[in-house]
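In this text, residue positions in the sequence shown follow the numbering used here: the first is 1, and each later residue adds one.
Note that the Cβ used here is the ideal one computed from N, Cα and C, for glycine as well.
Just so we're clear, the structure is a prediction, and the values are computed from it rather than from any experiment.
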Amino acid sequence: MADTANLIHERFQTFMNGLGDRYEPYVREHLSKVYMVLGSTAAATAMGALLQMRDFLDLGVLAAVATLILVLGLHFYKDDGKNYYTRLSMLYAFGFCSGQTLGPLLGYICSINPAIILSALTGTFVTFISLSLAALLAEQGKYLYLGGMLVSVINTMALLSLFNMVFKSYFVQVTQLYVGVFVMAAFIVYDTQNIVEKCRNGNRDVVQHALDLFFDVLSMFRRLLIILTQKLKTFMV
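Here's what the structure looks like:
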């Protein structure tokens with residue numbers, strides 16, 4: 001047991017030393033801030049969802065409107081070095097309202113099988129950690145070429161969504177869900193390397209970078225929830 005613990009400790013130290021050799025101190029500091037803010041935003045999302053599910057606070061349509069206003073505000077209210085805490089508050093509010101909009105879906109899934117939520121959460125967490133490490137340990141800038149390709153896929157999926165509003169094809173719906181998971185996984189890798197490159201080029205906008213990753217994580221989590229729920233309902237039938 002002690003030998004196993006020592007081996008894990010040695011591997012961890014090797015990994016940390018590898019990151020230290022690969023990335024400058026200011027890049028490591030920026031990444032740590034981004035992940036801390038990302039974790040705090042996820043906590044705000046969980047709080048918003050929990051309050052909605054427990055009927056303590058349900059903003060309803062206002063939450064959806066607020067998420068749109070806040071994300072547009074963060075886009076146009078650029079970082080000027082003096083408005084960090086204002087933009088950070090906007091990000092936390094966005095996370096909270098996103099949780100409010102997610103609450104009804106979580107409540108519905110709880111009525112079917114609460115274990116689905118834990119499975120989706122675990123899958124999202126493990127996938128995010130694994131892909132983030134893969135991006136950080138890969139050759140610098142190796143996956144930045146994915147940007148244009150991913151935007152094209154997103155645009156195609158948006159067009160298919162409009163198409164499906166009319167024709168309501170189950171095949172298109174399921175295909176979009178599964179493709180969406182892989183697209184969000186690719187975005188995690190791309191955004192992680194893109195954040196590093198932006199930091200090296202002088203862009204230290206912690207809030208925007210955390211928002212980019214938050215979009216990836218939330219979108220993946222939502223899709224996994226729906227996929228797992230549909231699989232369970234199919235199995236029950």
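Handout entry: Residue nearest to Val71 in terms of C-alpha spacing, selected from Met149, Ala210, Lys231
Key = Ala210
Practice task
Pull up the distance between the alpha-carbon of Asn164 and that of Val172, whole angstroms please.
Solution key: 7 Å
Handout entry: Euclidean distance between Cα positions of Val65 and Asp58
Key = 13 Å
Practice task
Evaluate His75 with the Cβ neighbour count: other Cβ atoms within 10 Å of its Cβ, from every protein chain shown; 16 or more gives buried, anything less gives exposed.
Solution key: exposed
Practice task
Just confirm the distance between the C-beta atoms of Cys97 and Gly48, as a whole number of angstroms; I'd bet it's less than 8 Å.
Solution key: 6 Å
Exercise for the section: Specify the secondary structure class of Phe94 as computed by DSSP and reduced to three states. Expected result: helix
Problem - Run of the alpha helix (DSSP H) containing Asp191, from where it starts to where it stops - result: 170-200
Exercise for the section: Could you check what DSSP says for Asp205 in three-state terms: helix, strand or coil? Expected result: coil
Practice task
Starting from the N-terminal side, write out each stretch of the alpha helix (DSSP H) that is 4 residues or longer and does not extend beyond the stretch 77-128.
Solution key: 84-112
Problem - Per-residue DSSP class, three states only, for Phe56 - result: coil
Practice task
From the DSSP output, in three-state form, read off Ala138 for me.
Solution key: coil
Exercise for the section: Flag this pair as yes or no: are the beta carbons of Val183 and Phe128 separated by less than 7 Å? Expected result: no
Exercise for the section: Could you tell me whether the Cβ atoms of Val207 and Leu38 are closer together than 7 Å? Expected result: no
Exercise for the section: Select from Ser219, Tyr190, Ser132, Val151 the residue whose C-alpha is nearest the C-alpha of Ser32. Expected result: Ser132
Problem - Within 7 Å, strictly: CB atoms of Phe214 and Thr41 - result: yes
Practice task
Report the residue from Thr192, Asp191, Ile154 whose alpha carbon sits nearest the alpha carbon of Leu177.
Solution key: Ile154
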